[in-house]
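Asks: First the structure, then my questions, so here it is.
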Amino acid sequence: MKYPLLLPTFLIFAWVLHHNVKKNSGDFKQSIEDYLAKESEANMSRRKDISNLPYITVPLDTLPFDITLNDEKKQLQIAEYIKEIKNLSDKKMLNLMGISNTELKASYGPANLEVLSLYDQTYAKYIRTLQLFANCIYEEYPEKAVSVLEYCISIGTDISSTYELLGSHYLKNNNLPEFESLYEQIPDKETLSGKKIIGKLDRLVESKE
Numbered sequence: 007m008k009y010p011l012l013l014p015t016f017l018i019f020a021w022v023l024h025h026n027v028k029k030n031s032g033d034f035k036q037s038i039e040d041y042l043a044k045e046s047e048a049n050m051s052r053r054k055d056i057s058n059l060p061y062i063t064v065p066l067d068t069l070p071f072d073i074t075l076n077d078e079k080k081q082l083q084i085a086e087y088i089k090e091i092k093n094l095s096d097k098k099m100l101n102l103m104g105i106s107n108t109e110l111k112a113s114y115g116p117a118n119l120e121v122l123s124l125y126d127q128t129y130a131k132y133i134r135t136l137q138l139f140a141n142c143i144y145e146e147y148p149e150k151a152v153s154v155l156e157y158c159i160s161i162g163t164d165i166s167s168t169y170e171l172l173g174s175h176y177l178k179n180n181n182l183p184e185f186e187s188l189y190e191q192i193p194d195k196e197t198l199s200g201k202k203i204i205g206k207l208d209r210l211v212e213s214k215e
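7 is the number of the first residue of the sequence shown in the working numbering; add one for each residue after it.
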């Protein structure tokens, strides 16, 4: 007896589905058109001076390189990390996190895109190496490792393990203000990396309770 009711219900569902697909299709088409317009405009931008950008320099005189670990295997590892960091200190690096290629071209000209991308890749390699170095020395030199991790955050890292290790250290030492400040230093809370960092910090709090 209830079967006839299925037809109007199905028709309503079909209309809603069709409307949403059509709307989303239109939105997608508009997004593509907007992107192509911005990309075309960016490709016509003139080359600009990039000599005064906020380049990151390696503080070789303050990084804790003068340490010896009891763990011989880790000592060999940190020797490699130190060598890599010193090699990178001769190169230019920029934190261009969250800036698209289109935005870079629009701001500095397409002629600068390749070199700016290289500077960003160097920065990414630098902060990864610093993270590995800090993680390696933390067990024997926690305070020195913390100084490296805090430096990484000061130059905009979004490596979640940096925040996790630093957050764990703060909680273990009942340094709640410093722990809370980590949330405010996340470069972009809406990105996947930002949400991953928040998740890890939240889990540290939950494990502490």
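Glycine included, every Cβ here is placed at the ideal spot set by N, Cα and C.
Provide the residue span of the alpha helix (DSSP H) that contains Tyr87, from first to last.
Replies: Taking the sequence shown and counting its residues from 1, one reaches residue 87 at position 81. Here the alpha helix (DSSP H) through Tyr87 covers 78 to 94.
Asks: Can you give the Cα-Cα distance for Arg134 and Ser153, rounded to whole angstroms?
Replies: What you label residue 134 is simply residue 128 of the sequence shown in a count that begins at 1. What you label residue 153 is simply residue 147 of the sequence shown in a count that begins at 1. For Arg134 and Ser153, the distance between alpha carbons rounds to 15 Å.
Asks: Would the beta-carbon of Tyr189 fall within 8 Å of that of Ile165?
Replies: Locating residue 189 in the sequence shown gives position 183, counting from the first residue. Locating residue 165 in the sequence shown gives position 159, counting from the first residue. No, the pair does not count as a contact, with Cβ atoms beyond the cut-off.
Asks: Three or more C-beta pairs closer than 8 Å, one from the stretch 178 to 192 and one from the stretch 114 to 124: is that the case here?
Replies: No, the stretch 178 to 192 does not touch the stretch 114 to 124.
Asks: List in chain order: all unbroken alpha helix (DSSP H) runs of 4+ residues lying wholly within the stretch 118 to 158.
Replies: Complete alpha helix (DSSP H) runs here, min 4: 119 to 143.
Asks: How long is the line joining the alpha carbons of Glu146 and Ala140, rounded to whole angstroms?
Replies: Sequence index remark: in the sequence shown, residue 146 carries index 140 (1-based). Sequence index remark: in the sequence shown, residue 140 carries index 134 (1-based). Going from the Cα of Glu146 to the Cα of Ala140 covers about 11 Å.
Asks: So Ile161 and Ile91 are in contact, right, with Cβ under 8 Å, and what is the actual spacing, rounded?
Replies: Taking the sequence shown and counting its residues from 1, the one referred to as residue 161 is at position 155. Taking the sequence shown and counting its residues from 1, the one referred to as residue 91 is at position 85. The pair is not a contact, with the Cβ atoms about 13 Å apart (cut-off 8 Å).
Asks: Sorted by chain position, which residues of the same chain lie with C-beta nearer than 8 Å to Met7's C-beta, five sequence neighbours on each side aside?
Replies: Position 1 of the sequence shown, counting from 1, holds the residue named residue 7. Confidence at Met7 is low in this model, with a pLDDT of 41, below 50, so the placement of that residue should be treated as unreliable; the coordinate-derived value is given next. Contacts found: none.
Asks: Taking contact to mean 3 or more Cβ pairs, one atom from each stretch, closer than 8 Å, check whether the stretch 100 to 110 and the stretch 166 to 174 are in contact.
Replies: Judged by Cβ distances under 8 Å, the stretch 100 to 110 makes no contact with the stretch 166 to 174, as fewer than three pairs qualify.
Asks: Between the alpha carbons of Leu124 and Asp96, how many angstroms are there, rounded?
Replies: Against the sequence shown, residue 124 aligns to sequence position 118. Against the sequence shown, residue 96 aligns to sequence position 90. The alpha-carbon atoms of Leu124 and Asp96 are separated by roughly 14 Å.
Asks: Which parts of the stretch 153 to 199 are runs of the alpha helix (DSSP H), unbroken and 4 residues or longer, counting only runs that do not cross its ends?
Replies: Within the stretch 153 to 199, the complete alpha helix (DSSP H) runs of at least 4 residues are 166 to 178, 182 to 190.
Asks: Give me the Cα-Cα distance between Lys79 and Glu86, rounded to the nearest whole angstrom.
Replies: The count along the sequence shown starts at 1 and reaches residue 79 at position 73. The count along the sequence shown starts at 1 and reaches residue 86 at position 80. Between Lys79 and Glu86, the C-alpha separation is close to 11 Å.
Asks: So, are the CB atoms of Leu75 and Ile84 less than 8 Å apart?
Replies: Within the sequence shown, residue 75 is the residue found at index 69, counting from 1. Within the sequence shown, residue 84 is the residue found at index 78, counting from 1. Against a cut-off of 8 Å, the Cβ pair of Ile84 and Leu75 comes out as a contact.
Asks: What would DSSP say about Leu66, mapped onto helix, strand or coil?
Replies: The residue labelled residue 66 in the question sits at position 60 within the sequence shown. Leu66: coil per DSSP, three-state reduction.
Asks: Tell me whether Asn216 sits in a helix, a strand or coil according to DSSP, three-state version.
Replies: As displayed, the chain neither begins before 7 nor continues past 215, which places residue 216 out of reach and without an answer.
Asks: In whole angstroms, what separates the C-alpha of Thr197 from that of Arg52?
Replies: Residue mapping note: residue 197 aligns to position 191 of the sequence shown, counting from 1. Residue mapping note: residue 52 aligns to position 46 of the sequence shown, counting from 1. If you take the alpha carbons of Thr197 and Arg52, they lie about 30 Å apart.
Asks: Considering only residues of the same chain and omitting the five flanking positions on each side of Ile56, which have a CB-CB separation below 8 Å?
Replies: For the purposes of this step, residue 56 is identified with residue 50 of the sequence shown, where counting begins at 1. Taken in chain order, the residues that qualify are Tyr114, Asn118, Val121, Leu122.
Asks: On the three-state DSSP scale, how would you describe Arg53?
Replies: As a working note, residue 53 is residue 47 in the sequence shown. Arg53: coil per DSSP, three-state reduction.
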